[in-house]
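Take a look at the structure below.
Numbering (full-length UniProt numbering), first residue to last: 1 to 391.
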């Protein structure tokens, strides 16, 4: 049986927990930790779960933490996941809780996510007798490098999970708002490393050398035709070369050039086409420009696909609890390794507005300052969704 007034119970519990959650968020924000280095953050999470009396495991997927709240009756297992890692960005924003670590910052709001899931843990712990099933709290490392989910899954974090909810703060949405996307909401992310091996020589005598810079430039130019000429126009795709490294000075043709790039797609056939095309282009350089090309192509995470079996009830719960109907948005070509959990069980990622009044923030920005009220909004929405899904 549900509480007589679950809306009020969740709202009051959230309000009581909010000051502590903000303090926890600021503590985490002051000492940001990069992928698979989140030992202090994981320690804070574990200590808080212990304080709440929630059984948990540490060291899952290197630095992840998994807690479980067992309901009063048998039922499915619902996973709710938050990420914990920071970014290699030097914080420029001024605040009393600004990063104390040079070159590292919570510029994506994973400190917000961690505090939010700790709030959900506090609310649902008290409501556990009313749950029919188990809530698995997944605090994940290394989302920014798209490796943490796979590491946690390899350590059993997704075993037995029947449903999953993810969430992300959105500074492009005002605080107090919620959003969603049907179907594929975030792109598959793959990457390549390409070494173009030529023959070094004097810049005045290119005929006696094999120029890898010219070959690399040809590859970069041709790579853009993969999207414009090989992938269906209604299937979004992005090919980006993010690093080009080669040469040392004006008058030397270098021995080699190294490139790094990323490919984002929302559809499986576009993903296959892009991979085959880029490998083919690299192979073609060997025949036409006399270089040797060594390409390492790595598939990272699939597209994140929201399942209506989770999406619909969660949207109803959010509106029921907060009085705010989530607004439908557009897919993003960004990527998120919650997709690895979504590939194993029906899942949905909720967008939570974190935009502060009068600001125009963006994720991965050195001045990013989310509105901390989004923590309480997220706690209410996610707690009610769990309560209703496990009713």
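We put the beta carbon where it would ideally sit given N, CA and C, even for glycine.
Every value quoted in this text rests on a predicted model; they were computed, and no experiment measured them.
Neighbourhood of residue i by C-beta, 6 angstroms cutoff - its chain only, sequence neighbours within 5 removed
i: residue 318; result: 178, 326 and 381
i: residue 89; result: 105, 107 and 366
i: residue 199; result: 209 and 210
i: residue 196; result: 212, 215, 216, 257, 291 and 293
i: residue 132; result: 71, 73, 75 and 390
i: residue 392; result: For residue 392 there is no data in the structure shown, the boundaries of the chain being 1 and 391.
i: residue 263; result: 190, 239 and 274
i: residue 1; result: Model confidence at residue 1 stands at a pLDDT of 40, short of 50, so the residue's coordinates are unreliable; what they give is reported in the following sentence. Excluding residues within five positions, none has a Cβ falling inside 6 angstroms.
Candidates the options: closest to residue i by CA position
i: residue 103; options: 330, 33, 41 and 129; result: 33
i: residue 31; options: 111, 58, 4 and 49; result: 111
i: residue 377; options: 15, 241, 186 and 36; result: 15
i: residue 324; options: 353, 345, 343 and 305; result: 353
i: residue 164; options: 314, 121, 251 and 223; result: 314
i: residue 55; options: 343, 136, 347 and 155; result: 136
i: residue 357; options: 374, 284, 343 and 38; result: 374
N-terminal and C-terminal residue of the beta strand (DSSP E) that residue i is part of
i: residue 171; result: 163-174
i: residue 352; result: 347-355
i: residue 59; result: 55-60
i: residue 265; result: 256-265
i: residue 77; result: 73-83
i: residue 272; result: Not the beta strand (DSSP E): residue 272 falls in the alpha helix (DSSP H), residues 268-289.
i: residue 294; result: 292-301
Contact belief for residue i with residue j at Cβ below 8 angstroms, rounded distance in angstroms
i: residue 369; j: residue 361; result: 6 angstroms
i: residue 175; j: residue 307; result: With 8 angstroms as the limit, residue 175 and residue 307 do not qualify as a contact, their Cβ atoms being about 27 angstroms apart.
i: residue 336; j: residue 186; result: 5 angstroms
i: residue 147; j: residue 83; result: Actually they do not touch by this definition, with Cβ atoms about 11 angstroms apart.
Pairwise C-alpha distance: residue j and residue i
i: residue 130; j: residue 77; result: 14 angstroms
i: residue 40; j: residue 101; result: 13 angstroms
i: residue 309; j: residue 171; result: 27 angstroms
i: residue 240; j: residue 287; result: 24 angstroms
i: residue 94; j: residue 59; result: 33 angstroms
i: residue 298; j: residue 153; result: 19 angstroms
i: residue 75; j: residue 21; result: 29 angstroms
i: residue 267; j: residue 386; result: 30 angstroms
i: residue 384; j: residue 219; result: 51 angstroms
i: residue 86; j: residue 26; result: 13 angstroms
i: residue 328; j: residue 182; result: 8 angstroms
i: residue 9; j: residue 156; result: 33 angstroms
i: residue 120; j: residue 66; result: 14 angstroms
i: residue 53; j: residue 347; result: 27 angstroms
i: residue 331; j: residue 128; result: 34 angstroms
i: residue 17; j: residue 379; result: 10 angstroms
Residue i, enclosing alpha helix (DSSP H) - first and last residue
i: residue 12; result: 6-30
Own chain residues within Cβ distance below 8 angstroms of residue i, not counting five before or after
i: residue 270; result: 231, 232, 235, 236 and 237
7 angstroms CB neighbourhood of residue i in its chain, flanking five on each side removed
i: residue 388; result: 313 and 317
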